[in-house]
Each structure stands twice: as structure tokens, then as C-alpha cells.
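One structure is given below, encoded as C-alpha cells.
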Amino acid sequence: MKRVSLHLVAGIVFSLLVATRASAQVARVFLAGTGNDAGDCSNQATPCRSLQGTVNQCPVDGEIIILDNGGYGGATITKSLTVDASAGVVAFIARTITVTIGATDKVVLRGLSMNGVVFGDADGIAFTGGGTLVVENSIVAGFTTAGIDQVAAGSNLIVNNCGFRNNSAGVLNSTFSDTNSNTVIENSRFEHNTAFGVDAEHGTTNVSIRNSVLANNFGGVYAFSASQTQPVLIVVDTCTIAHNSSAGTDADAVAAGIATIRVTNSTVDHNTYGMFLNGAGAAIQSYGNNRVTANTNGRPSSAIGVYTISKGGVHDTSLSPDCRRICFLFCRRYQRFGAGGPGLSHRNRKRRRRLYESGHTVSQPPGGGDGLPGQRRDHHPG
41 MKRVSLHLVA
51 GIVFSLLVAT
61 RASAQVARVF
71 LAGTGNDAGD
81 CSNQATPCRS
91 LQGTVNQCPV
101 DGEIIILDNG
111 GYGGATITKS
121 LTVDASAGVV
131 AFIARTITVT
141 IGATDKVVLR
151 GLSMNGVVFG
161 DADGIAFTGG
171 GTLVVENSIV
181 AGFTTAGIDQ
191 VAAGSNLIVN
201 NCGFRNNSAG
211 VLNSTFSDTN
221 SNTVIENSRF
231 EHNTAFGVDA
241 EHGTTNVSIR
251 NSVLANNFGG
261 VYAFSASQTQ
271 PVLIVVDTCT
281 IAHNSSAGTD
291 ADAVAAGIAT
301 IRVTNSTVDH
311 NTYGMFLNGA
321 GAAIQSYGNN
331 RVTANTNGRP
341 SSAIGVYTIS
351 KGGVHDTSLS
361 PDCRRICFLF
371 CRRYQRFGAG
381 GPGLSHRNRK
391 RRRRLYESGH
401 TVSQPPGGGD
411 GLPGQRRDHH
421 PG
């Protein structure tokens, strides 16, 4: 009996070891320009040839390793997996990658070089269903609708260290759904796109853009809403938005729509319009620490009040004197009554107004004072 038991235990242990080893072997599959989709793709000696062939053989939560330079075609991904081209490997993708996954699934695309010029596909990456898509260290260029087109309701898109150029839109979030979708963009560049660098419209959407450059596009950042049940919010943090032929930031609301762009610690300069608003439900809100300068028309909208200017704000000298006067009155009220700030003397109030209307931007320095030239702080935007 003991001998039988020992044999049984040994057999079970052996089976578990074999199963574990097999599982470890298939958790990673390989892709190379010299590969063959008829192979098993399970080791570097027998890689697959196409991205789709490798996706087909990759298990759920597995990893596709791209071994060398080559063109690998598009693919449709319907399960959690990672596609990884290591540093130094140029993985050319000229067709659309479609990601249609479940709410709990996650796909990571890393190190891809995508260019749609040859075939003229609409999207570089079409995110059409479900959970979370992460795109890292990639270039997406030359697609006729968007570099990344996020149309999946309830989805999460994370973009880090990517470049989007010569597309129509760089990243487009347009779900046409009341269900919330989220987009986070960091450390990325949007250049020479014929529409907006980042475009969020037609759906309940939260977009965060941080430490990125949006330059030489038609427009930088665009928020559009046509329904009260589908509000759009974009937060711009530590970004440069420059040399766009239309608006640096554009909030557009029609009917009962709500479109909001919040901007902090960013530079908006040399655009045709620095901050553009359209519609009663549109708002551009500043945290008061931005540099908005040298735009052809800093803020053309008549809806002056929705651009919140707070203590310490740096404002656009291209604003008309009337706009600057409104800005001045708001800042003065804040400094007199907000955050315990001291009031201005009558003489310095008059001097401050003259400076403001002549194009000088001044703000209260830390620790008090009137923020006038010759005191502790002044600022003359270029």
C-alpha cells in the first residue's frame, strides 16, 4: 500500500511539474521577420511571421516578443496580452490594430512603429471594446481618422511616451455613450496632425494630458459635448501647446452639452487662438499658473467669465483692454478678499490698473505686497 501511495504521489508531482513547465513555455511567444506562422512560435528558433499569427497562438495574459526589425501587419486582439518590441527593434505596422476586449481585460502595446500612409487605413489603433489599453514607447503616424481611436464605452486608455504625427487626430475619444470612459496621456508629442492633437467628443469622457507637447497641428486640445448626459472633461497639466493653426485649447458645447478644459502649469503660445470657447456649456478653467502669450487672439469668446483667473495668474497681453480690465477686477477682488490676502492701497490700485491695461501682467507675491514693479515680483509676458 505504501509503495502504491508513493508511486501515486510521484506521478502527481511529475504531472504538476510537466504542466507548470508547459505553461511557462507557452506564456511567451515570439515574432520575427524570418518566422513562419505555421510554427509553434514558442521559442526564438521557431518564431511566427505576422502579428496576427502570433496573437492567435498567444495565450490569455501571454506576451509576444518581437525579435528583430520587420513589417508585421495589423491584427485583431480579443484577449489580454502584451506585445513588446524591445529597444533597438523597429517593429513596422502599416495596418490597423483593432483591440476588442472585455471589461476586465488588459492589452499592452509597446515599442511599435506604425505608419498608415501606404494603405490609407482609418485608424492606427482602433479601441472598440472593453477594458484597458496601454500604449507605450510607440510612434503612430499617417492614419486618416486617428492615431488611436477610442470608441469603447467604459474603457480605459493609457498612453505614455508616444509620438503622434501626420494623422487626422492624434488621439480621439468618441464613444457616443453615457458610460464613462477615461484617457490618460503622459510624456507624449502630438505634431503636424491635420485635426486636433487630442480630441474628446460625443460621450461621457475624462481625459488627462500631462507633460506633453501639442504643436503645429490644426488645433491642440478639443472638448466637444452635445448632451448634458455626456459631459466632456479634459485636464491639461504641464504641457506646451504652441504653433497650432487654430486653437490651442478649444471647448465647444451645443444644445445642453457640457465641455470643460482645465489647464495648469502649462504654456499656450503662438496659436491663432490661445483659448477658444463656444456655447453656454463650454468652460476653460485656469489654475492661475499658466503662461498664455503671443497668440494672435488670446481669448476671442464673449463668455469672459468662464475663464477663471486666480491669484498669481499669468495672462495673455493680446487680450483687448476691456478683457484685461475684467481680468484686473477679478484678480483685485481675489487678492483683497481671498486666501486672507491684504487689500491694495488706493494709490497702488490705480497704478496696478494702469499697468494691467498697458499690457503688463502683475500678481501678488508670496508673503504680501502689491506685486508692482520694483517690489518683490512682477512679470512681463513676451
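For the sequence shown, the working numbering assigns the number 41 to the initial residue and increments by one for each residue that follows.
Quick reminder that beta carbons are idealized off the backbone N, C-alpha and C, glycines included.
Being a predicted model, the structure only gives us computed values, none of them experimental.
Can you find the residues in the same chain that come closer than 6 Å, C-beta to C-beta, to residue i, ignoring five residues on each side of it along the sequence?
i	result
THR219	ALA193 and GLY194
GLY203	ILE179 and ARG229
LEU212	ALA186, ASP189 and ASP239
GLN97	VAL69 and CYS81
VAL272	ALA240, THR245, ALA263, SER265 and ALA299
GLY75	PRO87, CYS88 and ARG89
SER248	VAL224 and VAL275
ALA334	ASP309 and HIS310
TYR327	THR304
PHE132	GLY111 and SER153
VAL139	ILE117, VAL147, PHE167 and LEU173
Work out the CA separation of residue j and residue i for me, nearest whole Å.
i	j	result
ARG250	CYS279	6 Å
ASP163	VAL261	19 Å
VAL332	GLY321	22 Å
THR94	ASN177	20 Å
LEU317	MET154	34 Å
VAL275	ASP80	46 Å
ARG205	ASP101	31 Å
TYR313	GLY288	6 Å
VAL174	THR336	37 Å
SER19	THR223	Residue 19 cannot be examined here, being either before or after the span of the chain that is shown, 41 to 422.
SER221	ALA293	19 Å
ASP189	GLN325	26 Å
ALA85	VAL123	18 Å
PHE216	GLU226	24 Å
VAL148	GLY297	33 Å
PHE159	ARG135	7 Å
ALA62	LEU71	Note that ALA62 scores a pLDDT of 43, beneath 50, so its modelled location is shaky; the value from the coordinates is reported in the next line. Roughly 19 Å between the two C-alpha positions.
THR118	VAL303	36 Å
ILE141	GLY113	20 Å
ILE281	SER252	9 Å
GLY237	ALA255	8 Å
LYS146	ASN201	19 Å
GLY111	VAL130	9 Å
LEU91	SER214	27 Å
GLY73	ASN305	45 Å
ASP277	ALA78	48 Å
ASP290	ASN257	13 Å
ILE106	MET315	43 Å
GLY259	SER120	34 Å
ILE198	HIS283	26 Å
How should residue i be labelled, buried or exposed, when 16 other C-beta atoms within 10 angstroms of its C-beta is the threshold for buried?
i	result
SER285	exposed
VAL308	buried
THR5	The requested residue 5 is not part of the displayed model; the chain covers only 41 to 422.
THR244	buried
GLY210	buried
CYS367	With a pLDDT of 37 at CYS367, under the threshold of 50, the modelled position of this residue cannot be trusted, and the question is left open.
ALA181	buried
ASN311	buried
VAL157	exposed
ALA323	buried
THR172	buried
ASN330	buried
GLY319	buried
GLY128	exposed
PRO413	Because PRO413 carries a pLDDT of 34, less than 50, the predicted location of this residue cannot be relied on, and the following value inherits that uncertainty. Looking at its Cβ environment, which holds fewer than 16 other Cβ atoms inside 10 Å, PRO413 is exposed.
GLY83	Checking the sequence shown, residue 83 turns out to be Asn, not Gly. Its Cβ having fewer than 16 others within 10 Å, ASN83 is exposed.
GLN270	buried
ALA295	exposed
Considering only residues of the same chain and omitting the five flanking positions on each side of residue i, which have a CB-CB separation below 7 Å?
i	result
SER126	GLY151
List the DSSP bridge partners of residue i.
i	result
TYR327	Answer by DSSP bridge pairing: none, since TYR327 is not bridged.
GLN190	PHE167 and ASN213
ILE298	Per DSSP, none; premise fails for ILE298.
ASN246	ASN222 and LEU273
PHE204	VAL180 and PHE230
ASP161	Answer by DSSP bridge pairing: none, since ASP161 is not bridged.
LEU173	VAL147 and LEU197
CYS98	Paired residues: none, contrary to the question.
ILE141	Its beta-bridge partners do not exist; DSSP assigns none.
SER306	BP columns for SER306 are empty, so no partner.
CYS88	LEU71
ASP124	ILE105 and ARG150
ASN155	ALA181
SER265	ALA293
ASN318	ASP292
THR280	VAL253 and THR307
Compute the minimum distance between the beta carbon of residue i and the heavy atoms of the ligand ATP, and state whether it is under 6 Å.
i	result
ILE106	The ligand ATP is absent from the structure shown, which contains no ligand whatsoever.
Starting from the C-beta of residue i, find all residues in its chain whose C-beta is less than 8 Å away, skip the five residues before and the five after it, and write them out in chain order.
i	result
ALA67	PRO99, ASP101, GLY102 and GLU103
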